[in-house]
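Q: Would you mind keeping the following structure in view while I ask a few things?
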Amino acid sequence: MTSEFFSTLLLIIGLLLGFFLAILLILVGIRRFLCSAEEPLKRIQRYQLWHNRYQLNAEVTSFLIVIGASLSVSLITLQITAIPFQYTVLIFWSSWLFHLLSFWKKIRVPKKMKNEMKQLAGFLLITVLYFVGFFAMKSVHFSIIQVADFPGVIQFGIRTYLTICSFFVACGALIVWQRIYVKLLK
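This is the structure we're talking about:
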C-alpha cells in the first residue's frame with residue numbers, strides 16, 4: 082500500500098516538475114527568439130507591433146505561457162497510458178484556476194453593470210472553451226486506449242497523427258482564448 086502511495090506521489094511530483102519545466106522552456110524559447118538575431122532590435126520591434134496589435138501585455142502573455150505549458154504537458158501525458166486520465170485532467174484544469182483567481186480579483190472592484198456582465202460573459206466563454214478542450218482530450222484518450230492493441234508501427238502512426246492534430250487544435254484554441262480574453266475580460 083505504501084509503495085503505491087509513494088509511486089503515485091512521485092508521479093504527481095514528476096508531472097508538476099514537467100509542467101514547470103515546460104513553462105521554463107517556453108520562456109527560454111521566447112528569450113532566445115527575441116535575442117538570437119544579429120539585430121535583435123528588429124525582432125523586439127516586431128514583438129512591439131504584436132504587442133500593440135494583439136494586446137500581448139504581461140498578463141495576457143503570462144496566461145498564454147501557463148496555458149500553453151499545461152496543454153503541452155497534458156497532451157504529452159495523454160500518450161502515456163500508464164498515467165491515469167484524472168492526473169491529466171488535473172493538469173489541464175489547473176490553468177483554469179488562474180482564470181478563476183484573476184476573475185475574482187477583477188470583480189472585487191465595483192464597476193458599471195455592463196462591464197461586469199461583459200467580464201462574466203468572457204469568463205463563461207473561456208469556461209466553455211475549457212470544457213470543449215476537456216471533451217476533446219477525453220476523446221483523444223479514448224482513441225489512444227483503443228489503439229493500444231494495434232501493431233507497433235500502426236500504433237505509432239496513429240498516436241503521432243493524434244498528437245500533431247491535437248497540438249494544432251490547441252494552438253487554434255489558444256488564439257480563440259486570447260481574442261476572448263482581450264475583448265471581454267480586460
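Using my numbering, the final residue of the sequence shown is 267, and nothing's skipped along the way.
Note that the Cβ used here is the ideal one computed from N, Cα and C, for glycine as well.
Here the structure is a predicted model, which means the values were calculated and not measured.
1) Taking CB distances under 9 Å as the criterion, tell me whether S88 reaches chain C.
2) Does DSSP classify R189 as helix, strand or coil?
3) For I164, which of helix, strand or coil comes out of DSSP?
4) Taking Cβ positions, are A103 and S153 nearer each other than 9 Å?
5) Using CA coordinates, which residue listed in L105, K267, C116, Q160 is at the minimum distance from A229?
6) Among V190, I235, L171, L266, which residue has its Cα nearest to the Cα of G212?
7) Just checking, does the region 241 to 255 make contact with the region 196 to 205 on the three C-beta pairs under 8 Å criterion?
8) Mapping DSSP to helix, strand and coil, what is K267?
A: Taking the definition as stated:
1) The structure shown has no chain C; it contains just one protein chain.
2) Coil, per DSSP.
3) Looking at I164 - three-state DSSP - the assignment turns out to be coil, as it is neither helix nor strand.
4) The Cβ atoms of A103 and S153 lie closer than 9 Å to each other.
5) Out of L105, K267, C116, Q160, the CA that lies nearest to the CA of A229 is found in Q160.
6) In the sequence under discussion, the amino acid at residue 212 is Phe, which differs from the Gly named in the question. That would be L171, whose Cα lies nearest to the Cα of F212.
7) Segments in contact, no.
8) If DSSP states are grouped into helix, strand and coil, K267 belongs with coil.
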